[in-house]
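Student: Just dropping this structure here.
Below, the structure is given as structure tokens:
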């Protein structure tokens, strides 16, 4: 398979945001493309189209990663900035017509539509196939489609729904519009939050079955650009944590951790002159990567690092820089800070000198081709699985095991880390929350973490000198409506839509 020459079988216009709704397909009098899907090769092209859809700059190489952290308490806005994502950063200016949020919504439903199209056609192709090898391949494609759909729905739920506190509460809260078929008369109406997550879990069950790794498999699975069983387990662990299903979070995170297919990237062991940890940011390759969006210099997504470095071969003009509290949260022997922050003098007239986020400056292969700030997004890493399991253990009051997982992670990230991480009821979540900040900084988790922990935040003008920063005085209380993004206005107004708005729409 050649990732460079992906052919998306579903016409891009079908899924374009210019349509009246992201859930719309195409006119009934047009040629139905499923009539052209008859062979395994046809299905092969469809599955590549699914992978290709994840390259969208609205998703992991752009908005879906950047916006949730930008909206919260992770960055300052530099004076003279380009106003990129300014309405998101200002918080109160987020509207239902925000095009960046619209693009996330549309791109995720684009993935879902692609997956549904494949799933609607696979049985027909199976019926015309006699080869066991080809049938196995078709089942793999089914698994990939189920996983892609589960992942897209999980992200929609994360962004556009309230936190899941209990089954009883979630049964009364709004979820997302669930579509299981590309063609059909499914109502454009939101399911409950519980029904939405249950749909994701069912898809993950099917995906894990179809994508199961052979027990005698002796190869490597890390740094993978295709879905497999362990990507399913990683997402299942994440979703279980969000659903407060602590036992399942532990179970599925442990499946990934105990598989031994993945190894935490060490900050002290080196590949050449670069630590394995830093290498995952400078090369886009990692021993702890479970699944990443595969880019090549001929086929890639957004330039994730532009707003953090914005280098023009002469100077740096970042739009946003890390908040002081984030920088100060790293211990002196925590080597992550030196790997992901680089202090530079910026090219602004005010001459700001500040630690810039450099983890997205760009993968070496792209830099060598004069392509700046493009990094292959690692959607699932082993470190997150340790953090998931530690939090689940802490919620079950098993503080010894929670502390052991944090110690394992810190041992890989510190120059030296002695002993165990002592945890108790009074400090466990404080430690875990702080570790998630350091490990997952600007990877798109912060807004949802604050939402599910029911915490607010504050930006203080005193921390942002007026000479260098666009001062932001902002205090956000827990459970503020804008922790949940507004449903795009055009979705509410589309013909036939029964989609209910969020509080943030009002």
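In my numbering, the protein residues as written are -2 to 503.
Glycine is no exception: its CB is placed at the ideal position from the N, C-alpha and C atoms.
1) With DSSP run on the structure shown, which of helix, strand or coil describes residue 198?
2) Report the rounded CA-to-CA distance for residue 231 versus residue 62, giving the unit in angstroms.
3) So is residue 451 buried or exposed if we call it buried at 16+ other beta carbons inside 10 Å?
4) So is residue 391 buried or exposed if we call it buried at 16+ other beta carbons inside 10 Å?
5) Alpha carbons only, please: which of 397, 95 and 433 is nearest the one belonging to residue 84?
6) Taking contact to mean 3 or more Cβ pairs, one atom from each stretch, closer than 8 Å, check whether the stretch 95 to 108 and the stretch 133 to 140 are in contact.
7) Please list, in chain order, all residues of the same chain as residue 26 whose beta carbon is under 6 Å from its beta carbon, the five residues on each side excluded.
8) For residue 297, does the three-state DSSP call read helix, strand or coil?
9) What whole-angstrom Cβ distance do residue 337 and residue 278 have, given they're in contact under 8 Å?
10) What did DSSP end up calling residue 416 once you bin it into helix, strand or coil?
11) Does the beta-carbon of residue 456 have 16 or more other beta-carbons within 10 angstroms, so that it is buried, or is it exposed?
12) Taking 7 Å as the cut-off, decide whether the C-beta atoms of residue 292 and residue 373 are in contact.
13) Identify, in the order they occur along the chain, each residue of the same chain with its Cβ nearer than 6 Å to the Cβ of residue 39, setting aside the five sequence neighbours on each side.
14) Given this structure, state the Cα-to-Cα distance separating residue 502 from residue 93, to the nearest angstrom.
15) Can you give me the start and stop residues for the beta strand (DSSP E) that residue 156 sits inside?
16) How would you call residue -2, buried or exposed, if buried means at least 16 neighbouring beta carbons within 10 angstroms?
17) Given a cut-off of 7 Å on the beta-carbon distance, is the pair residue 443 and residue 144 in contact?
18) How far does the beta strand (DSSP E) with residue 375 in it reach, from first residue to last?
19) Sort out for me which residues DSSP pairs residue 171 with in a bridge.
20) Using the C-alpha atoms, what's the distance from residue 64 back to residue 441?
21) For residue 201 and residue 192, what's the separation of their Cα atoms in angstroms?
22) For residue 72, which three-state DSSP category applies?
23) Could you have a look at residue 164 and say whether DSSP puts it in helix, strand or coil?
24) Indicate whether residue 253 and residue 366 have their beta-carbon atoms separated by less than 7 Å.
25) Could you check which residue in 265, 149, 310 and 266 has the C-alpha nearest to that of residue 198?
26) Which runs of the beta strand (DSSP E), 3 residues or longer, sit entirely within the stretch 356 to 406?
27) Please classify residue 176 as buried or exposed, where buried requires at least 16 other C-beta atoms within 10 Å of its C-beta.
28) Within this structure, are the beta carbons of residue 402 and residue 79 separated by less than 7 Å?
29) Could you pull out every residue in the same chain whose Cβ sits closer than 6 Å to the Cβ of residue 499, ignoring the five residues on either side in sequence?
30) For a minimum of 3 consecutive residues, which ranges assigned as the beta strand (DSSP E) are wholly contained in the stretch 273 to 334?
31) With a threshold of 8 Å on Cβ separation, who are the neighbours of residue 496 within its own chain once the five nearest residues in sequence on each side are excluded?
32) Can you check DSSP and say which residues form a bridge with residue 472?
33) Can you check whether the CB of residue 439 is closer than 7 Å to the CB of residue 66?
34) Within 10 angstroms of the Cβ of residue 73, are there 16 or more other Cβ atoms? Answer buried if so, exposed if not.
35) In whole angstroms, what separates the C-alpha of residue 306 from that of residue 357?
36) The beta strand (DSSP E) spanning residue 342 covers which residue range?
Tutor: Working from what's here:
1) helix
2) 18 Å
3) exposed
4) buried
5) 95
6) no
7) The predicted model places residue 26 with a pLDDT of 36, which falls under 50 and marks its position as unreliable, so this point remains unresolved.
8) coil
9) 6 Å
10) coil
11) buried
12) yes
13) none
14) 6 Å
15) No beta strand (DSSP E) contains residue 156, which is instead part of the alpha helix (DSSP H) from 129 to 157.
16) Caution applies to residue -2, whose pLDDT of 28 falls short of 50 and renders its modelled position unreliable; the model cannot decide the point.
17) no
18) 375 to 378
19) 189
20) 7 Å
21) 14 Å
22) strand
23) helix
24) no
25) 149
26) 375 to 378
27) buried
28) no
29) 481, 483 and 484
30) 286 to 289 and 317 to 319
31) 174, 185, 186, 187, 484, 488 and 489
32) 455
33) yes
34) buried
35) 8 Å
36) 338 to 342
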